[in-house]
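Colleague: Numbering (the numbering used here), first residue to last: 443 to 642. Using N, Cα and C, we set each Cβ at its ideal position, and we do this for glycine too. Since the structure is predicted, the reported quantities are computational estimates derived from the model, not experimental observations. One structure, pasted below without further comment.
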């Protein structure tokens, strides 16, 4: 299967979605699937065309034309994305929805029509308007929507209740850590250390 894997950021950027995406692609590649990663440029000086473990990466200037209110730049990026879809001819698009680059997928969905999945990795705003926002357009346009938890799925269904029939919870797949034995000083009550990235 030819999978267009859309991620707001991808290797060498490091974050939760970036690490999980790399693990997922590695495992699916072992099963014979072919990938093209679509991602954005950010603060690192990286080439537009790259590779990671044999998987082609295409980075686009998704944000700059929007931030600079440059319609010609937006159209240029849109044409580039459309051309990539025509060339790669995906069987399915896997869109990790976490930012504004999804606009370019929606704007080019008719270039190479195929089923697509919207993977939601974070809570959506509880009080977001249910009108024509980018988020609701992504949710309504996807053939299937996955959420990383039941709480995330609840916020998805609050925005678009009609999704109940084509959404599911898919937990993040993680390799279990190697256990090194019982702690030398058991704590009562047990204590849990959670290492994560803290954001406002």
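#1: Starting from the N-terminal side, write out each stretch of the beta strand (DSSP E) that is 3 residues or longer and does not extend beyond the region 501–543.
#2: Between the Cα of residue 592 and those of 539, 474 and 563, spot the shortest distance and give me the residue it belongs to.
#3: Going along the chain, which residues of its own chain have a beta-carbon closer than 6 Å to the beta-carbon of residue 494, five neighbours each way excluded?
#4: Rounding to the nearest angstrom, what Cα-Cα distance links residue 577 and residue 552 in this structure?
#5: Check whether the Cβ atoms of residue 589 and residue 450 sit closer than 8 Å, and answer yes or no.
#6: Quick check on the DSSP output: the beta strand (DSSP E) that includes residue 471 runs from which residue to which?
#7: Please classify residue 581: does DSSP put it in a helix, a strand, or coil?
#8: From the DSSP output, which residues share a beta bridge with residue 610?
#9: Among 599, 492 and 496, which residue has its Cα nearest to the Cα of residue 471?
#10: May I have the straight-line CA-CA distance separating residue 632 from residue 521, to the nearest angstrom?
#11: Helix, strand or coil for residue 444 per DSSP?
#12: Could you pull the start and end residues of the beta strand (DSSP E) that residue 478 belongs to?
#13: What number of angstroms, rounded off, separates the C-alpha of residue 480 from the C-alpha of residue 515?
#14: Look at residue 500 and residue 527 and say whether their C-beta atoms are less than 8 Å apart.
#15: Out of 567, 621 and 491, point me to the one whose CA is closest to residue 540's CA.
Modeller: A quick look at the data gives this:
#1: 534–539
#2: 563
#3: 453
#4: 19 Å
#5: no
#6: It is not in any beta strand (DSSP E) - residue 471 instead sits in the alpha helix (DSSP H) that spans 458–472.
#7: helix
#8: 588
#9: 496
#10: 55 Å
#11: strand
#12: 476–482
#13: 18 Å
#14: no
#15: 567
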